[in-house]
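Okay, so the sequence shown: first residue is 79 according to my numbering, each after it adds one.
A quick write-up on the structure given underneath.
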Amino acid sequence: MGFNCGIIGLPNVGKSTIFNALSGAGAQMANYPFCTIDPNKGIVPVPDSRLVKIAEILKKNGPIPTRIEFIDVAGLVKGASRGEGLGNKFLGHIRNVDAIVHIVRCFEDPDVVHVTGGIDPTGDIEIINTELILADMDVLERAKEKIEKLSRSGDKDAARRVEIISKMLEHLNGGGLLKNLMGRDGYADIAGEFGLITTKPVLYLANIGEGAVPEALLKKISGYAAADGSEFMFIAGKLEEEISELDHDEKKEYLDAMGLKESGLERLINSAYRLLDLVTYYTAATELQAWTVKSGTTAARAAGKIHTDFEKGFIRAEVFEYDVLVKCGSEHAVREKGFMKSEGRDYLIKDGDIVRYLFNV
Ligand SMILES: Nc1nc2c(ncn2[C@@H]2O[C@H](COP(=O)(O)OP(=O)(O)OP(=O)(O)O)[C@@H](O)[C@H]2O)c(=O)[nH]1
Ligand SMILES: [Mg+2]
């Protein structure tokens, strides 16, 4: 698996529509709030033209793309933490995701009810963020109570954890998202342990209608995203959902007509890669396969993600670059021209690397 994204937002903003557009998973979508109750999950192969090209050059059949998982949950409303709407328990389904895709309604349609009355992207965002903050506070307050008992019995580690949790609670209380504290020592461990949602990187995704692009609304959201270090993009959700069934060429024609070079899925993947600082690299043993790792991952760690034995028994990695392979035209030529590098366990995997691991088991 490459990485996974939880899709959140107010009810009826087009979460399931966009989920379907991205994943083709055929989740139920309907013109009433709280259509989604149980979460929808979809795993999507990441479109990758380099993988296709490498397969061609290395003559590998059935290359395996890296994959991204989407989880579409119910809509949140103001007061969800107190049980309004469907409450907030369903957020449990997205506590372990790598990133949050926050859908914001920008399409006008008098037939589709807007739960807060009208189009107000930043107001909507704040309602959702407040609910996420309250959900994290709830988790942390309960955790703090438990750990405080340990801390009183003289447990040093517990005392340190209570200190961090208190700082987090203070920050949330002031209306801040925890993602801005994540660089600090010990914070990420606690975030992971309790699946805190506001620690996760966010991509604000504006769902626009089929008509003219609502520039002013988009500017508001992109400004908001930039101010809190988040990514931003927009998608004509319904339209992309409708064309998601078309074949590649027809889809491209539609997108061209809309002035878009790439599909919503491709743009979202690019944004997520930037947001999460990810790279794609390839292994070409018996099978050719694409993998997603965080930039700065060492060869030994990356190997360990494929199989724990690969990390333990790591000897070295043979590495060559995608661009070099394309220029040389064959792996043989890459070797002959001296572009095949032999790297040790601490080598940092780069985007577009093609790697062959040598290991002892
Ligand atoms: N006109 C228009 N309607 C849209 C667009 N996107 C979604 N809709 C409609 O809005 C309604 C709600 O869409 P859903 O995808 O079910 O919304 P949701 O956010 O998943 O809603 P809940 O699961 O109830 O929280 C459906 O009738 C969609 O067809 C859009 O871009 N334009
Ligand atoms: Mg839905």
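We put the beta carbon where it would ideally sit given N, CA and C, even for glycine.
| Query | Result |
| --- | --- |
| Please identify the residue among 416, 424, 287 whose C-alpha is closest to the C-alpha of residue 185. | 287 |
| Output yes or no for whether 8 Å exceeds the beta carbon distance between residue 439 and residue 387. | yes |
| Answer with buried or exposed for residue 84, where buried requires no fewer than 16 other C-beta atoms within 10 angstroms of its C-beta. | buried |
| Does residue 183 pass the burial test, meaning 16 or more other C-beta atoms within 10 Å, or should it be called exposed? | buried |
| If you run the structure through DSSP and keep just helix, strand and coil, what is residue 361? | strand |
| How would you label residue 202, buried or exposed, when you count the other beta carbons within 10 angstroms and need 16 or more for buried? | buried |
| Could you have a look at residue 286 and say whether DSSP puts it in helix, strand or coil? | coil |
| Out of 179, 189, 102, 168, state which residue places its alpha-carbon closest to the alpha-carbon of residue 285. | 179 |
| Flag residue 316 as yes when its Cβ comes closer than 7 Å to any non-hydrogen atom of ligand 1, and as no otherwise. | yes |
| In this structure, does DSSP put residue 215 in helix, strand or coil? | helix |
| Can we count residue 107 as close to ligand 2, meaning its CB is less than 7 Å from some heavy atom? | yes |
| Which one of 141, 197, 246, 170 has the shortest CA to CA distance from residue 365? | 141 |
| Are the stretch 85 to 95 and the stretch 149 to 168 touching, with three or more C-beta to C-beta distances below 8 Å? | yes |
| Inspect the beta-carbon positions of residue 97 and residue 105 and report whether they are closer than 8 Å. | yes |
| Compute the minimum distance between the beta carbon of residue 113 and the heavy atoms of ligand 4, and state whether it is under 7 Å. | With respect to small molecules bound, the structure shown includes ligand 1 and ligand 2 and not ligand 4. |
| How big is the Cα-Cα spacing for residue 129 and residue 398? | 14 Å |
| Under 8 Å, do residue 380 and residue 347 count as touching if we go by C-beta distance? | no |
| Is residue 185 a contact residue of ligand 1, with contact defined as CB to any heavy atom under 7 Å? | yes |
| For residue 406, which of helix, strand or coil comes out of DSSP? | helix |
| Using only CA atoms, which one of 370, 350, 349 lies nearest to residue 359? | 370 |
| Taking residue 245 as the reference, give the member of 265, 231, 230 with the closest Cα. | 265 |
| Once DSSP output is grouped into helix, strand and coil, what is the label at residue 421? | strand |
| My output table needs one value for residue 199: the three-state DSSP class, helix, strand or coil. | helix |
| Return the CA-CA distance between residue 385 and residue 197, expressed in angstroms with no decimal places. | 48 Å |
| Can you determine whether any heavy atom of ligand 2 sits closer than 7 Å to the C-beta of residue 94, and answer yes or no? | yes |
| Report the residue from 298, 323, 320, 410 whose alpha carbon sits nearest the alpha carbon of residue 311. | 298 |
| Can you find the residues in the same chain that come closer than 8 Å, C-beta to C-beta, to residue 109, ignoring five residues on each side of it along the sequence? | 90, 189, 190, 191 |
| Using DSSP's beta-bridge definition, name the partner residues of residue 368. | 360 |
| Tell me residue 104's beta-bridge partners as DSSP assigns them. | Answer by DSSP bridge pairing: none, since residue 104 is not bridged. |
| Should residue 285 be flagged as near chain C, meaning a C-beta pair shorter than 8 Å? | Among the protein chains of the structure shown there is no chain C, as only one such chain exists. |
| Can you tell me the Cα-Cα spacing of residue 151 and residue 215, whole angstroms? | 20 Å |
| Considering only C-alpha positions, which residue in the set 251, 255, 238, 250 is nearest to residue 267? | 238 |
| Compare the beta carbon distance of residue 23 and residue 363 with 8 Å and say whether it is the shorter of the two. | What the structure shows of the chain is the stretch from 79 to 439, and residue 23 is not part of that stretch, so it cannot be assessed. |
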